[in-house]
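K.L.:
Below: one structure in structure tokens.
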Amino acid sequence: MNKTKVLLRFSALYALIGTFLGSHMAGAGSMLFRAIHAHILLVGWLSLFAFAIFYAVFAIPKHSKLAAAHVWTALIGSFGLTFGMWMHYFKPEWAPETFSLIFYIVGGTVLIISFGLFAVMMFVYGRYLGEKE
215 MNKTKVLLRF SALYALIGTF LGSHMAGAGS MLFRAIHAHI LLVGWLSLFA
265 FAIFYAVFAI PKHSKLAAAH VWTALIGSFG LTFGMWMHYF KPEWAPETFS
315 LIFYIVGGTV LIISFGLFAV MMFVYGRYLG EKE
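Numbering (this note's numbering), first residue to last: 215 to 347.
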């Protein structure tokens with residue numbers, strides 16, 4: 215798996231969705247989606263983009279299980295948090311309230327795990343970090 219490419223592609227999708235929501239809110243004169251809009255752009259676009267740049271700049275071993283776990287938890291967590299937030303706030307008829315809440319909480323928890331794995335990687339792969347001479 216090319217971690218940089220996967221993260222960049224998903225960050226682009228989040229950027230598109232987030233800016234669409236922002237445009238919709240501006241056009242409608244409503245701030246109804248503001249929390250979801252902000253989380254899609256910060257968690258989805260900005261965080262995934264920053265992680266992609268990290269993998270592009272630093273020589274993290276290609277077959278690192280820790281890096282793979284980080285990428286997968288980032289992708290799953292960013293989707294789980296933002297979609298779970300949407301379900302929790304807008305209560306679609308097809309999703310029971312308990313399911314929406316659990317989806318939201320689990321998504322956020324997986325995202326926290328992703329950031330924890332990223333922090334662990336800073337210490338495990340510290341020898342790969344630093345300025346190029």
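Glycine is no exception: its CB is placed at the ideal position from the N, C-alpha and C atoms.
(1) In whole angstroms, what is the alpha-carbon distance linking Ser321 and Ala282?
(2) Quick one: what does DSSP say Ser261 is sitting in, helix, strand or coil?
(3) How long is the line joining the alpha carbons of Lys305 and Gly236, rounded to whole angstroms?
(4) Given Leu331, which residues of its chain have a CB within under 7 Å of its CB, disregarding the five upstream and five downstream residues?
(5) Considering only the alpha carbon of each residue, which of Leu262, Phe317 and Ile231 lies closest to Phe329?
(6) Take Gly232 and list the residues in its own chain whose beta-carbon comes closer than 7 Å to its own, dropping the five residues that flank it on each side.
(7) Would you kindly work out how many angstroms separate the C-alpha atoms of Glu307 and Met336, rounded to a whole number?
(8) Alpha carbon to alpha carbon, how far is Phe265 from Leu230? Give it in angstroms, no decimals.
(9) What are the start and end residues of each continuous alpha helix (DSSP H) run of 4 or more residues lying completely inside the stretch 257 to 344, in chain order?
(10) Less than 9 Å between the C-beta atoms of Tyr269 and Leu227, yes or no?
P.N.:
A quick look at the data gives this:
(1) The amino acid occupying residue 321 in the given sequence is Gly; Ser does not appear at that position. Distance between the alpha carbons of Gly321 and Ala282: 18 Å.
(2) helix
(3) 21 Å
(4) Leu280, Ala283, His284 and Thr287
(5) Leu262
(6) His251, Ile254, Leu255, Gly258 and Trp259
(7) 43 Å
(8) 18 Å
(9) 262 to 271, 279 to 304 and 311 to 338
(10) no
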